[in-house]
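Novice:
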Amino acid sequence: MAIQSPPIFSLQEPKDVSLGEIEAELNKIWQSYGTTGNGEGSPAATRAATFSLIVYEPEETQLLLAKLNIYHGPIDGIPGPQTEAALREFQKKYDLPVSGIATPETRAKLREAVAQQHGPANGDSDTPYSWDSSRNPKIADAIALRNPCRIITLCPVVGDDDGVTAQVSAYCPIQKQSATTLICCEYITFTGTAAGLERVAGMIAALLIGDLPKFLWWKTTPDPHNPLFKRLASVCNSVIVDSSGFNAPEFGLLRVQELVEAGIPIADLNWRRISAWQELTAEAFDPPQRRAALSEVDRVTIDYEKGNPAQALLFLGWLASRLHWHPCEFEQEPGDYEIKRIRFTAQDQRQVEAELAAIPTDAGEIPGDLIALRLNSTNPEADCCTVVCSETGGCMRMEVGGGAQACRFQQVSSLADQKAEILLSQQLQRVGHEALYEESLAVTAQILRLAPQN
3 MAIQSPPIFS LQEPKDVSLG EIEAELNKIW QSYGTTGNGE GSPAATRAAT FSLIVYEPEE
63 TQLLLAKLNI YHGPIDGIPG PQTEAALREF QKKYDLPVSG IATPETRAKL REAVAQQHGP
123 ANGDSDTPYS WDSSRNPKIA DAIALRNPCR IITLCPVVGD DDGVTAQVSA YCPIQKQSAT
183 TLICCEYITF TGTAAGLERV AGMIAALLIG DLPKFLWWKT TPDPHNPLFK RLASVCNSVI
243 VDSSGFNAPE FGLLRVQELV EAGIPIADLN WRRISAWQEL TAEAFDPPQR RAALSEVDRV
303 TIDYEKGNPA QALLFLGWLA SRLHWHPCEF EQEPGDYEIK RIRFTAQDQR QVEAELAAIP
363 TDAGEIPGDL IALRLNSTNP EADCCTVVCS ETGGCMRMEV GGGAQACRFQ QVSSLADQKA
423 EILLSQQLQR VGHEALYEES LAVTAQILRL APQN
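Each residue of the sequence shown is one higher than the one before, counting from 3 in my numbering.
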């Protein structure tokens, strides 16, 4: 279901401030509006008392679109309808495939366009970016519905280390109005080189609010040895990643496992995307006679969209952790389907084989989405054959080989809530460790550690 965009009342449009004046500038906003408004017809406003969110945004798409005067929302690193609309406008203008997604081709063209108009894409522009509230910005709609109190966005740039710049702003979703008082969110945006941001890590951590929950959304592969990451992760209640965006997914999942082993509470938005597959798989074994045959499962086939095996690996890790399979062998076949074969030993010493296949398809919005999976047994008498497939991908490949009539078929409906901002909005309601995810990831990591080293 689409998230409706709340109308936005802007208390303070982005304003450049010195690092030492951030809190003072934000306090001025609340002093100006207080409990009776600003005396000029504006409503009274107060800061939300919910949670703080840090967004580490190495992807410069919003900033580049803003420099081209196409995007007029906040530079917050949180995708949403306005970012998508701006991308579509840019893609149409430059004769690129119109998807609303920041594809590598689109990003390269963005950098080229900004360089022609302003000089180097990450360099200083003569015209500073200004958030145009008159365009009714749809500010991270799904996030606004959770009413955050402070969002701190870190935008690393390449180039000379000329220090870190900061902007502050504040906005209020109108639908969060309580009587005549608006419940509002503060924005703080830091821009600088990675080294510069590391220098102010202590200041960034200090800007997180009191005893309220604190979240860190790290929008790249997390590095346990990165000083900025270590500092921020240590003061947050939960670190959020999205393995669908990892450049090297297998390596990235092992990095995440390192963090789990270090005791850091981690959430992966990509894990949420396979929940329907997990639920339908489990549901297929609800009938007592099928539940009794669950231990007979010894063949697993998983198809996923070529490009990112993270979902397939996480699903297999979940299945193996629930059935107490121990991974013992990993084979990788070259070829179009990048076949991965994993062998397990079950508790009763039975041998279990799983095959993961990367299916070449048109690129979807989420790299590596599951297409179909099949659980079966080498015992022809076992009532355990189960096929789960997506509405769009279909079950045809899983029906090949006979026995389809004996299988139980389940279909995953097309889900409209798989975008990162929707899943993030849901994740912001959870704090701390997620036992099922951590147990499943541990087995996924065991599988990956068996993989041949390239």
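C-beta: ideal position from N, C-alpha, C; glycine also.
(1) Below 7 Å CB to CB, which residues in the same chain sit around P362 once its five sequence neighbours on both sides are set aside?
(2) What does a CB cutoff of less than 7 Å around L66 pick up in its chain, not counting 5 residues either side in sequence?
(3) Using DSSP's beta-bridge definition, name the partner residues of T63.
(4) Would you call the CB atoms of L156 and F192 closer than 8 Å?
(5) Tell me where the alpha helix (DSSP H) around L234 begins and ends.
(6) Measuring CB to CB, does I145 end up less than 8 Å from E367?
(7) In the DSSP assignment, what residue or residues form a beta bridge with C157?
(8) Should D18 go down as buried or exposed, given a rule of 16 or more other Cβ atoms within 10 Å for buried?
(9) With a threshold of 7 Å, establish whether the CB of L377 neighbours any heavy atom of the ligand SAH.
(10) Give the straight-line distance between the Cα atoms of T388 and P45, rounded to the nearest whole angstrom.
(11) Mind checking whether L28 and E188 have CB atoms under 8 Å apart?
(12) Please state whether DSSP places Q334 in a helix, a strand or coil.
(13) Please tell me whether L210 and K216 are closer than 8 Å, where the distance is taken between their beta carbons.
(14) Following the continuous alpha helix (DSSP H) through S171, name the residue where it begins and the one where it ends.
(15) Which value, in whole angstroms, describes the spacing of the CA atoms of L21 and G212?
(16) Out of E401, R109, V241, S392, which one is the CA nearest neighbour of L434?
(17) When you compare the region 88-96 with the region 249-259, are there three or more beta-carbon pairs, one atom per stretch, that lie closer than 8 Å?
(18) State the Cα-Cα distance for the pair F332 and S54, rounded to the nearest angstrom.
(19) Could you please give me the residues that DSSP links to Q413 through a beta bridge?
(20) Using only alpha-carbon positions, find the residue among K342, Q351, P369 that is nearest to A359.
(21) Tell me A360's beta-bridge partners as DSSP assigns them.
(22) Could you tell me if E59 is buried or exposed, where buried requires 16 or more neighbouring beta carbons within 10 angstroms of its beta carbon?
(23) Based on the DSSP secondary-structure assignment, which residues constitute the bridge partners of P329?
(24) Can you name, in chain order, every residue of its own chain whose Cβ lies under 8 Å from the Cβ of F317, other than the five neighbours on each side?
(25) How about L199 and L218: are their beta carbons less than 8 Å apart?
(26) Answer yes or no: do R274 and Q428 have a C-beta to C-beta separation smaller than 8 Å?
(27) Ordered along the chain, which non-local residues of its own chain (more than five positions away) have a Cβ less than 6 Å from that of S416?
(28) Could you tell me the distance, in whole angstroms, from the CA atom of T283 to the CA atom of E107?
(29) Sort Q313, E436, D97, L425 by Cα distance to P251 and report the nearest one.
(30) Quick check: what's the CA-CA separation for H326 versus A444?
(31) Would you check if the distance between the CB atom of G194 and the CB atom of T167 is smaller than 8 Å?
(32) Smallest Cα separation from Y439: which of G165, I80, G265, W320?
Specialist: Reading off the structure:
(1) K308, D338
(2) L112, R113, V116, A123
(3) In the DSSP secondary-structure assignment, T63 is not bridged to any residue.
(4) Yes, these two residues count as a Cβ contact at 8 Å.
(5) 229-237
(6) Contact check for I145 against E367 fails: the beta carbons are separated by 8 Å or more.
(7) Paired residue(s): T193.
(8) exposed
(9) Annotation note on the ligand SAH: not contained in the displayed structure, which lists no ligands.
(10) 58 Å
(11) yes
(12) strand
(13) Closer than 8 Å, so yes.
(14) Segment 167-175 is the beta strand (DSSP E) holding S171; no alpha helix (DSSP H) there.
(15) Each residue's alpha carbon lies about 19 Å from the other.
(16) In the sequence on display, residue 434 carries Gly and not Leu. Of the candidates E401, R109, V241, S392, the one whose C-alpha sits nearest the C-alpha of G434 is V241.
(17) With fewer than three CB-CB distances shorter than 8 Å, the region 88-96 does not count as touching the region 249-259.
(18) 42 Å
(19) C391
(20) Ranking K342, Q351, P369 by CA distance to the CA of A359 puts K342 first.
(21) Y306
(22) buried
(23) DSSP output for P329 lists F346 as bridge partner(s).
(24) I276, W279, Q280, I304, L372, L375
(25) With respect to the 8 Å criterion, L199 and L218 are not classified as neighbours on the basis of their beta carbons.
(26) yes
(27) Cβ within range, chain order: E393.
(28) 37 Å
(29) Q313
(30) 12 Å
(31) The answer is yes: Cβ separation under 8 Å.
(32) W320
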